[in-house]
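K.L.:
Please read through the structure below; I'll follow up with questions.
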Amino acid sequence: MTTFALVDCNNFYASCEKLFRPDLRHVPLVVLSNNDGCIVARSKEAKALGIKMGVPLHQVKDQLAYHNVAVFSSNYALYGDISNRVMETLAALAPAIEIYSIDEAFLDLTGVSNCMNLTEFGFQVKNTVQKNVGIGVGVGIAPTKTLAKLANHAAKQYPATQGVVDLTAKARQEKLLKLMPLKEVWGVGRKLCTRLQAQGIETAWDLANQNPKTIRQKYSVVLERTVRELNGESCLSLEEIAPPKQQIVCSRSFGTRITQLSDMQEAVANHVARGAAKLRHEQQRCKHISVFIHTSAYNPKEPHYSNHASFQLPSPTNDTRILLTVANRLLKHIWQDGFNYARAGIMLSDFYPKGMEQALLFESPSTFESRPKSAELMQLIDKLNQSKIGQIFFARQGIENNWKMKRQRLSPSYTTDWKQLPWVR
DNA sequence: TCTGGGGTCCTAGGACCC
DNA sequence: TCTGGGGTCCTAGGACCC
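Printed below as a string of C-alpha cells:
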C-alpha cells in the first residue's frame, strides 16, 4: 500500500520574515502581495487578530496600525532561498520527494512503516527542518495525496497533534473525514462546494460516500479521483521530476496607472525580457507569444478596456530581440489612448526543446531567424544578469520605469546578497 | 487614492476530414 | 419532403491549486 506525507511550512512567508528578525518573534506580522496590494501571508499572531487572507491592504490599514502589526512587501528572493533549504532537508530524509509548491512537498513513505513508526518519522521531519532551517512545518501522513493533505490540515488545526498526524488507520480517516467541512478537501473549490452542498453534501465524509461513477457523470473525472482518494484508493502518484512547463506568463500591476503608450512599451518590454530569460532557463524556445493589457477591474466609474493579441512565429525562438519586436507590434495593435491602464503582461507558449524545431520549408533570411550568434549573446546576457556585477537590459525596457510596482516595505535579501547579510553584534 | 501572480487540467464546441 | 456518422484537432473558458 502506498503511503504519502505532505509537509507544509507554517505561515511560510511570514515565518521567513521572522527568521532574521528575532525582535519580531511574537509580534503579529503580515506579508503583502506584489505592488503591496493585498495580504498574502499572516503570522499566527496576525491570524489571531482576525486579519483575513487576501484582503486589500487599504481596507485593514487602520487595524494593522492599531495593533502594531509588522508589515512587509513580498521578498521572493528570500522566500525562494529558504524554500530551497527546506526542500534539501526533506530530500535528505525521505526516499523520494515531490516539490509541490514553494512551501509544500509530498514525500513517498511507502515501506517506511516497516522500519519505523510513521508518527515518529513525522516528528523527525518536523524537528530536523526546525533545527536546520528554523521554519516550522506540519506533517500529514496517509495512503493517498488527498488524505495526506487533509491530515496536514488537521495537524495545523489541532494543537494537540503537535503538528503531526498519521492517518494511515482506517478508523482515524473516518473520524477526521466526518469532522472536515467539504471546502477543506483538496480539489473542491468555491464553485464545486456550492454545487455539492446543494446536493446535501456537507463534509469530506459525505463526499467520500458518493458513487464515483455518478460523480464522474455529474461533475468530472477530477472529482471522481478525489472521491476515490478520500476512500484510500491512490489515484495521484508522486511526481519526482517536474514536467516541463507548457507556458510562461509574466504580468504585473503597475505602481501607478499607465496612460502613455511609451510607458506601456517599456513595461511590456520588461515582461518580455523576464519571460525570455525564464524560457532560456527552461532550455526551451517558443513559437507563440501574446500580449495583454487592461484597466482596473475594481473601479466601476472608470471606463473599462481589456484586450490581447497574439502571434505565431515562423520558427521557435528564445531570442529576446525577436520577442521584443513582435510584442511591441502586438501592443500597438491593441493599444487605445484615453484609458488608465492597471496591468499588462505577456504569455509565451507552444514550446520546442532545443533541437526539436521543424526547419522552415521556404527559409528566408528575414527579420526573424537570421540572427547570428543568437545563443551566445543570450547566454552572455543571462550570465551577466545572474552575476552580481550588474544588470544589462534592452533600451526598450527603459530606465526610469515610473510605473514600477510598489514595494515600500521590503526586507533585505539576507541570504542571497553579500551586501545584505544580517549583522550579529 | 489604494484590490497579486503564475500555473495546470478538463470540457464543450467548432472546424475540418473522409 | 426526406441530407450520415464517426473521428481528430484546436481553442476558449472554467475550475482548481499555491
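Per our numbering, residue -6 is the first one in the first sequence, and the count goes up by one each step.
Yeah, the Cβ is synthetic: ideal placement off N, Cα and C, and Gly gets one too.
Unbroken beta strand (DSSP E) runs of length 3 or more, entirely within the segment 277 to 312: which are they?
P.N.:
277 to 288, 299 to 310
K.L.:
Alpha carbon to alpha carbon, what distance is there between P236 and T(-5)?
P.N.:
Whole-angstrom Cα-Cα distance: 22 Å.
K.L.:
Go ahead and label M109 buried or exposed: buried means 16 or more other beta carbons lie within 10 angstroms of its beta carbon, across all protein chains shown.
P.N.:
That one is exposed.
K.L.:
Please report how far the alpha carbon of K45 lies from the alpha carbon of R314, in whole angstroms.
P.N.:
Distance from the CA atom of K45 to the CA atom of R314, rounded to whole angstroms, is 43 Å.
K.L.:
Per DSSP, M340 is paired with what?
P.N.:
V242, S283
K.L.:
Whole-angstrom Cβ separation of A147 and V158, contact assumed at under 8 Å?
P.N.:
Between V158 and A147 the Cβ distance is about 5 Å, and since that is below 8 Å, they are a contact.
K.L.:
For the segment 1 to 25, which segments carrying the beta strand (DSSP E) assignment without a break, of at least 3 residues, lie completely within its bounds, in sequence order?
P.N.:
22 to 25
K.L.:
Which partner residues does T196 have in the DSSP bridge list?
P.N.:
P174
K.L.:
Could you say which of R35, D29, L57, E233 lies nearest to I92 if we only look at CA atoms?
P.N.:
E233
K.L.:
Determine the extent of the beta strand (DSSP E) in which D330 is found, giving its start and end residues.
P.N.:
Note, D330: premise wrong, no beta strand (DSSP E); not H, not E.
K.L.:
Provide the residue span of the beta strand (DSSP E) that contains F65, from first to last.
P.N.:
Run containing F65: 63 to 65, per the beta strand (DSSP E) assignment.
K.L.:
Residues in its own chain within less than 6 Å of I75 by CB, not counting five upstream and five downstream?
P.N.:
The answer, listed in chain order, is C9.
K.L.:
Measuring only the C-alpha atoms, how far is V319 from P365?
P.N.:
18 Å
K.L.:
Comparing alpha-carbon positions, which option in E226, S404, I339, R267 lies nearest F386?
P.N.:
R267
K.L.:
Which full runs of the beta strand (DSSP E) of 3+ residues lie inside the segment 25 to 88, going along the chain?
P.N.:
32 to 35, 63 to 65
K.L.:
DSSP on R402, reduced to helix/strand/coil?
P.N.:
coil
K.L.:
Would you mind sorting H326 into buried or exposed? The rule is 16 or more other CB atoms within 10 Å of its CB.
P.N.:
exposed
K.L.:
So, at 8 Å on beta carbons, what are the nonlocal neighbours of N321 in its own chain, with the 5 sequence-adjacent residues on each side left out?
P.N.:
So the qualifying residues of the chain are Q258, V261, A262, R389.
K.L.:
Count the other C-beta atoms from every protein chain shown that fall within 10 angstroms of the C-beta of A89, then say buried if there are 16 or more, exposed otherwise.
P.N.:
exposed
K.L.:
Provide the residue span of the alpha helix (DSSP H) that contains V261, from first to last.
P.N.:
254 to 274
K.L.:
Would you kindly report the start and end of the unbroken beta strand (DSSP E) that includes E97?
P.N.:
97 to 101
K.L.:
For the alpha helix (DSSP H) holding D375, just list the boundary residues, first then last.
P.N.:
Element bounds for D375: 367 to 379.
K.L.:
I'd like to confirm the pairing. Which residues does DSSP put opposite I382 in its beta bridges?
P.N.:
Answer by DSSP bridge pairing: none, since I382 is not bridged.
K.L.:
Helix, strand or coil for F116? Go by DSSP, reduced to three states.
P.N.:
helix
K.L.:
Can you confirm whether the segment -4 to 4 touches the segment 138 to 147 when touching is taken to mean that 3 or more C-beta pairs between the two stretches lie within less than 8 Å?
P.N.:
yes
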